[in-house]
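Colleague: The listed protein sequences correspond, in order, to chains A and B.
Going by my numbering, the first residue of the first sequence is number 104, and it counts up by one from there.
Going by my numbering, the first residue of the second sequence is number 10, and it counts up by one from there.
From the three backbone atoms N, C-alpha and C, an ideal C-beta is built for every residue, glycine too.
Got a structure here, written out as structure tokens. Questions coming.
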Amino acid sequence: MHTAFPLLWSAGGTGDAGHSATILIELGIVLLVLGALGRVAQWWGLPTIPLYLLGGLVMGQGGFIPIDAGEDFIAVGAQIGVVLLLLLLGLEYSPQDLRTGLRSTWKAGLLDLVLNGAPGFALGILLGWSPTASLLLAGVTYISSSGIIARLLDDLGRVGNRETPVILSLLVMEDIVMAVFLPLVAVLLVGASVAEGAIAAAVAIGAVAVAFVVAFRLSAVVSKAVHSRSRELLLLTTLGLTFVVAGFAEAVQVSAAVGAFLLGLTLSGQVADEVRGLLPPLRDVFGGFFFVFFGLQIDPATLVPVFIPALGLAIVTAGTKLATGYSAARTAGVGQAGRWRAGLSLIPRGEFSIVIAGLGVSAGLQENIGPLAAAYVLILAVTGSIAMRLASKIRIARTAP
Amino acid sequence: MDLFETPLPGIGTRYEFTTDHNDHVCVVVRRDGARDIVLFDHDDPDSTRGSVELSPHEAGNLAELLGGTSITARLDELKHQVEGLEIVWVTMPQSGGLTGKTIADGKIRTTTSASVVAVIREEEAFPGPQPDFTFAPGDTVLVIGGSEAVSAASSILTG
């Protein structure tokens, strides 16, 4: 594989110095490729996630640019990326947001879960996958990309629109469901028997519930302990605490991502504001590694046989999301145009679909779940963003007053 | 004027109102202090005619143009107009009192009926601090209310 870098090998020589040189060069190339792809995304007005995924696919196994020495680091970086993604997601919400979200949109949220989870689960079963793998696919199709959607709502100047609160509270609901879904899946992935699984799942969900309560109660105490006027100290303390919490959560099968999400919810007030200003650049770098790592594990050739099922699934679940958003907006008393905009705005899938599929890939559960999820997210991240743009142009013809 | 308030999870709060001239307007107050102003179609509240994004600084300047002047000037004016209204500046101690605690922790408004109207920290002003605002040592706190209420509030603040 190293034939692609003849220069590098003659320059690197042998021994540790050569190895660390290779790692640095490979990581540099990965970041440069991401930087270039990010520019392309910006140019075309697309989200960066699908392009980072593509970047991962063209590198590594079966791709054009082999990545060997750096892969260990990228694997760890990917894990850090997930943790930071979820920490910042948690920081975006105040406990109050969650409470009002739960109270006002639980019905729409339930419809969202059923309509959009079912097609994924059904396809999994149709393809002869195990129930656990099918459940993972249900998660992949259920969860919209709050990253892509929130960014685009802002870019398109639709933050003030009447349907926007509906969209955002559905996204909040999905994130809450995810906090329960991930530990459940983590337990199932360990391969426990049904009875053991049920007990372990109950324990995991109980732990999450307790953590939610503790998060709300301890909010002020933890925030105060973490706070510092020095950016450096704030960064070190926050990152340290995040990794420790995420690690313990992973150890007890609650999943590192959920641990980080709950910690994000716990931090509030001034600390949350400051961390929100501090961490996004780090998240972008490690989040980039996360998407690349997912792509690296997939041989692009394996995308071909799953493309048709992925496309079918994308079409069906674009329709079900449209229906979800439309009906939620109608219930909230939003007019015709706003209902269509809400429906079209929920279509993009992204980071969390990959997080969920990544669990299946790392557990070696079903060899096709990685490629299928990658193809699915590539399709819906791109077409979903285009749908959101087109949605802004919707005008419903009215009879003159 | 009826003002409708809706929370926007992860972004801030959205306020919506209709003017006497039947203009339908929405203002989004973002957590970072930025504002968006959106103007809707006259007869369709779901279509927008345009929107303006304002940085916190620009929003402040616009507020001045719309008739707001700096808080202190307005308060001085108020003080002259209203009998029995007391305005004091309280400096937070290095420790003790409410230093390191939030406005909500002190329950100032419920126990004394006085209000914390603004906080000045170094060069920065925090007008209308929220209940979760945390006092730092050396903060200058502007308290307003009846004379007894204000002195009770100062003693809660300084401990």
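1) Could you check what DSSP says for H33(B) in three-state terms: helix, strand or coil?
2) Thinking C-alpha only, which one of I183(A), G362(A), F284(A) and Q182(A) is nearest G193(A)?
3) Check L12(B) in the structure and name its three-state DSSP category.
4) Enumerated in chain order, which unbroken segments of the beta strand (DSSP E) with a length of 3 residues or greater are wholly contained in the stretch 100-161 of chain B?
5) Got a sec: is the Cβ-Cβ distance from D175(A) to anything in chain B below 8 Å?
6) State the beta-bridge partners of D215(A) as determined by DSSP.
7) Does chain A have any CB closer than 8 Å to the CB of P16(B)?
8) Using 8 Å for Cβ pairs, my map puts T420(A) next to T244(A). What's the rounded Cβ distance?
9) May I ask you to verify whether the stretch 255-271 of chain A touches the stretch 43-53 of chain B, counting CB pairs closer than 8 Å and requiring at least 3?
10) On the three-state DSSP scale, how would you describe V47(B)?
11) Name the chain B residues whose beta carbon is nearer than 8 Å to that of E195(A)?
12) Rounded to whole angstroms, what's the CA-CA distance from D29(B) to I20(B)? Just pull it up for me.
13) Can you tell me where the alpha helix (DSSP H) holding Y196(A) begins and where it ends?
14) Using the Cα positions of I112(B) and D141(B), report the straight-line distance between them to the nearest angstrom.
15) Over what stretch of residues does the alpha helix (DSSP H) that includes R265(A) continue unbroken?
16) Go ahead and pull the three-state DSSP assignment for E454(A).
17) Check for me: the alpha helix (DSSP H) holding R40(B) runs from which residue to which?
18) Who pairs with Y155(A) in a beta bridge, going by DSSP?
19) I think A435(A) touches V280(A), with their Cβ atoms under 8 Å apart; what is that distance to the nearest whole Å?
20) What would DSSP say about V388(A), mapped onto helix, strand or coil?
21) Using a C-beta to C-beta distance shorter than 7 Å, which residues of chain B count as neighbours of Q469(A)?
22) Could you round the C-beta distance between A426(A) and G441(A) to whole angstroms and report it? I think they count as a contact, below 8 Å.
23) Decide if L240(A) is buried, meaning its Cβ has at least 16 other Cβ atoms within 10 Å, or exposed.
24) Does the beta-carbon of W209(A) have 16 or more other beta-carbons within 10 angstroms, so that it is buried, or is it exposed?
25) Along the chain, where does the alpha helix (DSSP H) that runs through S249(A) open and close?
26) With DSSP run on the structure shown, which of helix, strand or coil describes V243(A)?
27) Mind checking if T427(A) is an interface residue toward chain B, Cβ cutoff 8 Å exclusive?
28) Rounded to a whole number of angstroms, what is the C-alpha to C-alpha distance between E14(B) and F26(B)?
29) For G159(A), I'd like the list of residues in its chain whose CB is within less than 7 Å of its CB, leaving aside the five on either flank, ordered along the chain.
30) Roughly how many whole angstroms lie between the Cα atoms of L191(A) and E157(B)?
31) With a threshold of 16 other CB atoms inside 10 Å of the CB of Q103(B), please say whether the residue is buried or exposed.
32) Can you confirm whether S104(B), when its beta carbon is compared against all beta carbons of chain A, has any partner nearer than 8 Å?
Modeller: On the basis of the supplied data:
1) In the second sequence, the residue the question calls residue 33(B) occupies position 24. H33(B): strand per DSSP, three-state reduction.
2) One-based indexing of the first sequence puts residue 193(A) at position 90. Ranking I183(A), G362(A), F284(A) and Q182(A) by Cα distance to G193(A) puts G362(A) first.
3) Looking up residue 12(B) in the second sequence gives position 3. Assigned with DSSP and collapsed to three states, L12(B) falls in coil, not helix or strand.
4) With a minimum length of 3 residues, the continuous beta strand (DSSP E) runs that stay inside the stretch 100-161 of chain B are 124-130, 133-136 and 149-155.
5) By one-based count along the first sequence, residue 175(A) stands at place 72. Not closer than 8 Å to any Cβ of chain B, the Cβ of D175(A) fails to qualify, so no.
6) Taking the first sequence and counting its residues from 1, one reaches residue 215(A) at position 112. None, per the DSSP bridge assignment.
7) The residue you call residue 16(B) lines up with position 7 of the second sequence. Yes, P16(B) counts as interfacial toward chain A.
8) In the first sequence, residue 420(A) corresponds to position 317, counting from 1. In the first sequence, residue 244(A) corresponds to position 141, counting from 1. The Cβ separation is near 5 Å, so the contact holds.
9) Taking a cut-off of 8 Å on C-beta distances, the stretch 255-271 of chain A touches the stretch 43-53 of chain B, as three or more cross pairs fall below it.
10) Translated into positions along the second sequence, residue 47(B) becomes position 38. Three-state DSSP puts V47(B) in a strand.
11) To locate residue 195(A), count along the first sequence from 1; it is residue 92. Within 8 Å Cβ-Cβ: P18 and G19.
12) On the second sequence, residue 29(B) is found 20 positions in, with the first residue counted as 1. On the second sequence, residue 20(B) is found 11 positions in, with the first residue counted as 1. Each residue's alpha carbon lies about 29 Å from the other.
13) As a working note, residue 196(A) is residue 93 in the first sequence. Neither: Y196(A) is in no alpha helix (DSSP H) and is coded neither H nor E.
14) Against the second sequence, residue 112(B) aligns to sequence position 103. Against the second sequence, residue 141(B) aligns to sequence position 132. Within the model, the alpha-carbon separation for I112(B) versus D141(B) is close to 6 Å.
15) In the first sequence, residue 265(A) corresponds to position 162, counting from 1. That residue, R265(A), is in no alpha helix (DSSP H); it is neither H nor E in DSSP.
16) For the purposes of this step, residue 454(A) is taken as residue 351 along the first sequence, with counting starting at 1. If DSSP states are grouped into helix, strand and coil, E454(A) belongs with the helices.
17) Position 31 of the second sequence, counted from the start, is the residue given in the question as residue 40(B). Note, R40(B): premise wrong, no alpha helix (DSSP H); not H, not E.
18) Taking the first sequence and counting its residues from 1, one reaches residue 155(A) at position 52. Answer is none; Y155(A) lacks a bridge partner.
19) Translated into positions along the first sequence, residue 435(A) becomes position 332. Translated into positions along the first sequence, residue 280(A) becomes position 177. With a Cβ gap of about 20 Å, A435(A) and V280(A) do not count as contacting.
20) Mapped onto the first sequence, residue 388(A) falls at position 285. In the three-state DSSP reduction, V388(A) falls in the helix class (H, G or I).
21) As a working mapping, residue 469(A) is identified with position 366 in the first sequence. Within 7 Å Cβ-Cβ: nothing; Q469(A) doesn't reach chain B, min ~33 Å.
22) Mapped onto the first sequence, residue 426(A) falls at position 323. Mapped onto the first sequence, residue 441(A) falls at position 338. At roughly 15 Å, the Cβ-Cβ gap does not stay under 8 Å, so A426(A) and G441(A) are not in contact.
23) As a working note, residue 240(A) is residue 137 in the first sequence. Classification of L240(A): buried, given that the 10 Å Cβ count is 16 or more.
24) Looking up residue 209(A) in the first sequence gives position 106. Exposed: under 16 other Cβ atoms inside 10 Å.
25) Indexing the first sequence from 1 puts residue 249(A) at position 146. For S249(A), the enclosing alpha helix (DSSP H) begins and ends at S249 to D258.
26) In the first sequence, the residue the question calls residue 243(A) occupies position 140. In this structure, V243(A) counts as helix in the three-state DSSP scheme.
27) Here residue 427(A) is taken as the residue at index 324 of the first sequence, counted from 1. Chain B contact via Cβ: absent.
28) Here residue 14(B) corresponds to residue number 5 of the second sequence, with the count starting at 1. Here residue 26(B) corresponds to residue number 17 of the second sequence, with the count starting at 1. If I take the Cα positions, the gap works out to 9 Å.
29) For the purposes of this step, residue 159(A) is identified with residue 56 of the first sequence, where counting begins at 1. Excluding sequence neighbours, G159(A) sits near F394, V395, F396, F397, G398 and L399.
30) Translated into the one-based positions of the first sequence, residue 191(A) becomes position 88. Translated into the one-based positions of the second sequence, residue 157(B) becomes position 148. Cα to Cα, L191(A) sits roughly 45 Å from E157(B).
31) If you number the second sequence from 1, residue 103(B) lands on position 94. Exposed, because fewer than 16 other Cβ atoms sit within 10 Å of the Cβ of Q103(B).
32) Stepping through the second sequence from its first residue, residue 104(B) is reached at position 95. No, S104(B) lies away from the interface with chain A (no Cβ there is under 8 Å from its Cβ).
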